[in-house]
Amino acid sequence: MNWETIIGLEVHVELDTKTKIFCNCPTTFGSPPNRNTCPVCLGLPGTLPVLNEAVVEMAVKAGLALNCEIQRTNKMDRKNYFYPDLPKAYQISQYDLPICTGGYVEIASGEEVKRVRVHRIHIEEDAGKLLHDEEDPVSFIDYNRVGVPLIEIVSEADMRSPEEAVAYLKAVRSILQYAGVSDCRMEQGSLRCDGNISVRPYGQDHFNAKVELKNINSFKELQKALEKEEKRQLELYSFNEGEKVVQETRRWDAAKGRTISMRTKEDAHDYRYFPEPDLKPVYIEEELINKMERQLPELPDEKSRRFLKTYGLTPKEVEILVGEMALSQFYEEVVESGADPKASANWILGDFLRSMKEMELTAEEQPLKAEDLAKLIELIEKGTISGTAGREVFDEMMETGKPPEKIIQEKGLKQISGQDELQAIIEKVIAENPASVEDFKSGKKQAIGFLMGQVMKASKGQANPQVAKSMLEETLID
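In our numbering, the protein residues as written are 15 to 492.
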């Protein structure tokens, strides 16, 4: 039997506000445990929430960027469940009247462009974080994240492979970064997702039981988790008589490479939703929507089209550059500093990304100045230094942040292109290697390679190879 995989994602995004959704506590990442807390976000008796207006504005902006309809009237609801990292024993979220509905995101699927529908976007508060120590019999709770504002972006079940799911998540992340509503730093948990996956025979109209994979915060692990769960479900349906997939929540164990059951999946009625009595309904005026629409910058699809038209890059080059907002900004700064667009792309997509990976840096953290990389490209193109020396200079620039001219001077890497200086080196090499000169003159053309090697050695690698080879051949022929 041929099977079809059905995938939908719930993407949780921390909004880039200075304070939490219902109180004035800061949202700073990396603070000491339980530092950024107050009676409101800890849910102490007698406290009341006050909705942060910036949260509504950013949610509207995210909805517009993802092609959603903005609901003029929406409200907050209580989602009730008990868990140690939720101090109130309920989460303030949105149920039947979310802030955005009906958007879409376009992704590449093979040779085609596929539209993945967005079912809804709602705003809610984040929960805390449990800290586990294998050597300690208890778990600890850090409440700093409680009350950090989130949007949850719920897709339709339109994806048909783990690869499409990863492409969708990458597209959502890129769009939200460009829109300026979140830094989407997955390693810090400001973007994470739950994957809903089921399989069914081709031609079947209804969905089979789905499994939710919780809190995945990297593209690589999302793909691995979905692939393993896809395989597990196919094996249950295909080989195990009488055993079927049950609706449940599972977690991804990256170390063991498998999904593990956590609990049976709750339905909406299990959460006993009801309107939040301490918060009034939210009414969004047309003026606010227009304001947020005017604030939207150039988004990834538009930037991709411009890069293809303006800089003459390949679609793959554009996809990588535009996929990371900070990377695309750095690229344009290099080009604006006078560097050739194609050469700039080659350096950034090659040595620059390699160096960032080795140094475990993001594009926001890297020390290189755009004008310095542009200058390095110019020095190589002018023949001031060789391409090989250029890579040595680049690595030093990444390590120290020094400008290229200073590194070239310190290391003595300036390329020798002057004819008088090169001629003296060539004549010395010819005088010291008569046998190779005779080999060349007797027709053994490979001898030129040996002699060029001696020229480079004598010049300590600083001879301009193109100029030196041309002069060497002319001298030998004469």
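Built from N, CA and C at the ideal position, the CB exists for glycine as well.
TODO: Could you give the DSSP three-state label for residue 113: helix, strand or coil?
DONE: If DSSP states are grouped into helix, strand and coil, residue 113 belongs with coil.
TODO: List the endpoints of the continuous alpha helix (DSSP H) containing residue 360.
DONE: From DSSP, the alpha helix (DSSP H) with residue 360 extends over 355 to 361.
TODO: Let me know if residue 290 comes out buried or exposed under the rule of 16 or more other beta-carbons within 10 Å of its beta-carbon.
DONE: Classified as buried, residue 290 has 16 or more neighbouring CB atoms from the shown chains inside 10 Å of its CB.
Task: Collapsed DSSP secondary structure at residue 399 in the structure displayed - done: In the three-state scheme derived from DSSP, where H, G and I count as helix and E and B as strand, residue 399 is classed as coil.
TODO: Give a single yes or no on whether residue 473 has its beta carbon closer than 7 Å to a heavy atom of the ligand GDP.
DONE: In terms of ligand content, the structure shown is empty, and the ligand GDP therefore cannot be addressed.
Open item on the list: On the CB-based measure, 16 or more other CB atoms within 10 Å of its CB, does residue 468 come out buried or exposed?
Closed with: Flag for residue 468 reads buried.
TODO: Put residue 133 into one of helix, strand or coil per three-state DSSP.
DONE: Strand.
- [ ] For residue 335, I'd like the list of residues in its chain whose CB is within less than 6 Å of its CB, leaving aside the five on either flank, ordered along the chain.
- [x] Cβ within range, chain order: 341, 342, 345.
Task: Minimum C-alpha distance to residue 381 - residue among 74, 412, 319, 116 - done: Residue 412 holds the alpha-carbon nearest to the alpha-carbon of residue 381 among 74, 412, 319, 116.
Open item on the list: Between residue 232 and residue 223, how many whole angstroms is the CB-CB distance? I'm expecting something under 8 Å.
Closed with: With 8 Å as the limit, residue 232 and residue 223 do not qualify as a contact, their Cβ atoms being about 26 Å apart.
Open item on the list: What ranges does the alpha helix (DSSP H) occupy inside the segment 203 to 290, keeping only unbroken runs of at least 4 residues that lie completely in it?
Closed with: Those alpha helix (DSSP H) runs which fall completely within the segment 203 to 290 and span 4+ residues are 233 to 253.
- [ ] Using DSSP bridges, identify the partner residues of residue 96.
- [x] The partner list for residue 96 (beta bridge, DSSP) is empty, contrary to what the question assumes.
- [ ] Compare the Cα-Cα distances from residue 177 to each of 241, 457, 229 and report the closest residue.
- [x] Cα-wise, what sits closest to residue 177 is 241.
Task: Stretch-stretch touch, CB-based, cutoff 8 Å, three pairs: the segment 198 to 215 with the segment 55 to 75 - done: These segments do not touch.
Task: Rounded straight-line distance, which links the Cα of residue 440 to that of residue 488 - done: Distance between the alpha carbons of residue 488 and residue 440 is about 11 Å.
TODO: Let me know if residue 50 comes out buried or exposed under the rule of 16 or more other beta-carbons within 10 Å of its beta-carbon.
DONE: Classification of residue 50: buried, given that the 10 Å Cβ count is 16 or more.
Open item on the list: Taking the beta carbon of residue 151 as the centre, do at least 16 other beta carbons fall within 10 Å, making it buried, or is it exposed?
Closed with: The residue is exposed, with fewer than 16 neighbouring Cβ atoms inside 10 Å.
Task: Span of the alpha helix (DSSP H), counted from its first residue to its last, around residue 337 - done: Per DSSP, residue 337 is one residue of the alpha helix (DSSP H) stretching across 329 to 337.
- [ ] Quick one: using the 10 Å Cβ neighbour count with 16 as the cut-off for buried, is residue 72 buried or exposed?
- [x] Within a 10 Å sphere around the beta-carbon of residue 72 sit 16 or more other beta-carbons, which makes this residue buried.
Task: Burial state of residue 98, where buried means 16 or more other Cβ atoms lie within 10 Å - done: Exposed, because fewer than 16 other Cβ atoms sit within 10 Å of the Cβ of residue 98.
Open item on the list: Give me the residue from 28, 17, 92 with the minimum Cα distance to residue 200.
Closed with: Ranking the options by Cα distance to residue 200, first place goes to 28.
Task: First through last residue of the alpha helix (DSSP H) which encompasses residue 323 - done: Counting along the chain, the unbroken alpha helix (DSSP H) around residue 323 starts and ends at 314 to 325.
Task: N- and C-terminal bounds of the beta strand (DSSP E) containing residue 156 - done: Unbroken beta strand (DSSP E) run through residue 156: 153 to 156.
Open item on the list: My output table needs one value for residue 35: the three-state DSSP class, helix, strand or coil.
Closed with: It is coil, neither helix nor strand.
Open item on the list: Using the Cβ count rule (16 or more neighbours within 10 Å means buried), how would you classify residue 327?
Closed with: When all chains shown are included, residue 327 counts as buried.
Open item on the list: What would DSSP say about residue 451, mapped onto helix, strand or coil?
Closed with: Of the three classes helix, strand and coil, the one that applies to residue 451 here is helix, per DSSP.
- [ ] Could you tell me which of 140, 77, 121, 82 sits nearest to residue 102, measuring between CA atoms?
- [x] Selected option, being the one with the closest Cα: 140.
TODO: Alpha carbon to alpha carbon, how far is residue 453 from residue 460? Give it in angstroms, no decimals.
DONE: Separation of residue 460 and residue 453 (C-alpha to C-alpha, rounded to the nearest whole angstrom) is 9 Å.
TODO: Would you check if the distance between the CB atom of residue 67 and the CB atom of residue 166 is smaller than 8 Å?
DONE: Taking 8 Å as the Cβ cut-off, residue 67 and residue 166 do not qualify as a contacting pair.
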